[in-house]
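In the numbering used here, the protein residues as written are 2 to 475.
Glycine residues also receive a C-beta, built at the ideal position from the N, C-alpha and C atoms.
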RNA sequence: GCCCCCAUCGUCUAGAGGCCUAGGACACCUCCCUUUCACGGAGGCGGCAGGGGUUCGAAUCCCCUUGGGGGUACCA
């Protein structure tokens with residue numbers, strides 16, 4: 002039987018880190034076993050679902066390189082299947098209509114809480130007499146559909162991450178609602194657990210890989226598989242991604258959507274690499290910097306951790322800077338260009354020149370966005386910061402700059418610039434460092450940055466060096 | 001509250017009873033490279049939550065405690 006897995010996000014927000022990591026594990030598992038990776042959009046919550054989020058999710062997956070093998074399935078379009086399944090369960094007695102009112106349910110919950118017990122439905126309408134049902138109908142009461150859960154039942158499964166798992170029927174909160182409230186002669190909208198199982202069966206899902214926050218759902222879903230007469234898939238419950246405080250990472254934690262990371266200038270390679278590292282430890286031969294394609298052949302749940310992992314910006318930043326440093330000038334320039342343009346910088350220079358600039362800046366970038374501020378003084382007039390102004394106040398510095406402008410060699414290059422600096426320092430009677438700082442201040446407006454000689458040469462290439470040096474002369 | 005899960009440096013982790021004087025990576029610190037910053041290179045700091053067992057021997061197995069997390073919907 003060939004492997005079929007799926008990622009099943011609900012379009013109630015952008016593609017989130019947690020969802021993306023689950024998608025990565027699913028994708029890796031599918032590729033490892035030559036199976037298929039599918040996407041199902043769980044848009045049955047009409048209140049909160051938005052088409053724009055579906056786009057965001059699909060775009061995010063694509064950006065990460067998680068290509069899917071069949072057209073995405075939209076859960077909302079599968080309601081007939083859901084209805085039929087519910088009707089079948091109703092027909093064979095595994096499910097029944099419950100007419101309990103909200104007030105009744107609340108009373109139950111409060112009573113249980115007062116008794117220090119877990120809230121649960123007491124199955125009061127499980128075996129209603131025909132007379133009472135008739136009475137409820139006459140009353141015009143609406144009903145939900147509940148699925149019978151035998152309290153004495155032990156639910157067992159072999160989890161690919163956690164090993165043997167066991168859940169007691171009694172801890173599931175009573176007979177579970179599988180269809181929303183509706184007039185008693187109809188079947189309401191299907192609820193999560195029912196829809197998931199029906200769809201996973203229809204899609205032929207063989208392995209369900211999801212976060213550990215779904216463990217209780219798995220117990221319920223296993224019961225549904227049984228009642229629907231379908232063999233259950235294998236389950237893998239992966240550790241959660243935790244925030245700085247050690248809680249489940251949520252949208253409330255600031256930057257958590259894949260689109261955010263992309264906007265900040267993280268590369269897809271670094272992000273997917275990092276997600277692999279959070280919870281999965283690659284075999285030593287792989288090292289810890291690798292692409293999804295490298296990880297796929299060796300991926301397995303035997304090396305997936307059980308404990309949740311905290312999201313660590315430092316590690317992601319390191320991975321991203323490594324990815325950026327490894328780029329050649331041409332690649333980096335292409336990655337930077339849209340950001341330069343968006344920042345309104347002049348990008349009319351020759352392509353080769355821009356590539357040289359990118360190569361010069363490369364080693365100091367952590368995220369692509371860093372390349373905007375750092376390129377700014379090269380792509381437009383420099384704005385002198387305080388330290389630069391102070392440097393240019395120094396008498397000897399001014400003298401050296403005068404010397405430099407007067408002794409410009411006919412053919413300028415980095416080597417010539419170096420000699421010029423030495424000569425200027427000697428003429429002005431100061432250490433070369435003082436002159437270098439002054440030149441840097443004049444050319445770029447700040448005292449720190451990439452190699453001065455290369456920077457100077459680059460500015461010379463677009464005729465920007467002399468004017469800038471002159472501009473700071475008193 | 002109740003149910004379930006988890007527990008190695010600050011963080012991510014290696015470790016399947018002797019290979020452990022607990023290894024790696026990030027972060028941090030020092031030095032080198034560099035008359036700047038960064039990159040790069042070399043070192044360093046730092047951990048098996050606690051207590052009981054089992055065993056000749058335990059980070060590894062069992063129990064308890066503690067701590068942390070998840071779940072407890074007519075959301076997904």
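Residue i - containing beta strand (DSSP E), residue span
i, result
"residue 210", "208-212"
"residue 148", "143-148"
"residue 239", "235-239"
"residue 38", "37-42"
"residue 6", "5-8"
Residue i to residue j span [Cα, whole Å]
i, j, result
"residue 239", "residue 12", "21 angstroms"
"residue 43", "residue 441", "57 angstroms"
"residue 150", "residue 126", "13 angstroms"
"residue 444", "residue 60", "41 angstroms"
"residue 181", "residue 78", "17 angstroms"
"residue 269", "residue 66", "8 angstroms"
"residue 2", "residue 360", "50 angstroms"
"residue 365", "residue 329", "14 angstroms"
"residue 118", "residue 33", "45 angstroms"
"residue 155", "residue 170", "6 angstroms"
"residue 322", "residue 258", "20 angstroms"
"residue 412", "residue 319", "40 angstroms"
"residue 190", "residue 357", "60 angstroms"
"residue 382", "residue 470", "12 angstroms"
"residue 137", "residue 105", "14 angstroms"
"residue 242", "residue 20", "10 angstroms"
"residue 389", "residue 399", "12 angstroms"
"residue 205", "residue 102", "37 angstroms"
"residue 69", "residue 14", "20 angstroms"
"residue 283", "residue 304", "7 angstroms"
"residue 326", "residue 272", "15 angstroms"
"residue 218", "residue 209", "12 angstroms"
"residue 133", "residue 24", "48 angstroms"
"residue 414", "residue 423", "14 angstroms"
"residue 37", "residue 211", "16 angstroms"
"residue 432", "residue 401", "11 angstroms"
"residue 463", "residue 346", "15 angstroms"
"residue 230", "residue 96", "14 angstroms"
The alpha helix (DSSP H) enclosing residue i, as first and last residue numbers
i, result
"residue 100", "Residue 100 -> no alpha helix (DSSP H), and no H or E assigned at all."
"residue 58", "52-65"
"residue 431", "Per DSSP, residue 431 belongs to no alpha helix (DSSP H) and is neither H nor E."
"residue 87", "80-92"
"residue 132", "131-140"
"residue 18", "18-33"
"residue 456", "453-462"
"residue 410", "Where residue 410 is concerned, there is no enclosing alpha helix (DSSP H), given that its DSSP letter is neither H nor E."
"residue 372", "371-380"
"residue 468", "466-472"
"residue 353", "352-362"
Residue i burial status per 10 Å Cβ neighbour count (16 or more: buried)
i, result
"residue 157", "exposed"
"residue 207", "buried"
"residue 438", "buried"
"residue 131", "exposed"
"residue 83", "buried"
"residue 221", "buried"
"residue 289", "exposed"
"residue 458", "buried"
"residue 342", "exposed"
"residue 92", "exposed"
"residue 352", "exposed"
"residue 114", "exposed"
"residue 47", "exposed"
"residue 456", "buried"
"residue 98", "buried"
"residue 233", "buried"
"residue 465", "buried"
"residue 256", "exposed"
"residue 410", "exposed"
"residue 394", "exposed"
Any contact between the region 116-127 and the region 170-182? By contact I mean 3 or more CB pairs, one from each, below 8 angstroms. yes
Between the region 399-412 and the region 363-378, can you find at least three pairs of beta-carbon atoms closer than 8 angstroms? no
Okay, do the region 302-315 and the region 275-282 touch, 3+ Cβ pairs below 8 angstroms being the bar? yes
Taking the runs of the alpha helix (DSSP H) that are 4 residues or longer, which of them lie wholly in the region 293-335? 293-296 and 314-326
Complete beta strand (DSSP E) runs within the region 152-204 (minimum length 3 residues, chain order): 155-160, 164-169 and 177-184
Using a Cβ distance threshold of 8 angstroms, determine whether the region 32-42 contacts the region 200-220, with at least three qualifying pairs required. yes
Quick test of the definition: if touching needs 3 or more C-beta pairs under 8 angstroms, does the region 332-349 touch the region 287-297? no
Could you give the uninterrupted runs of the alpha helix (DSSP H) lying entirely in the region 218-273, keeping only those of 4 residues or more? 259-265
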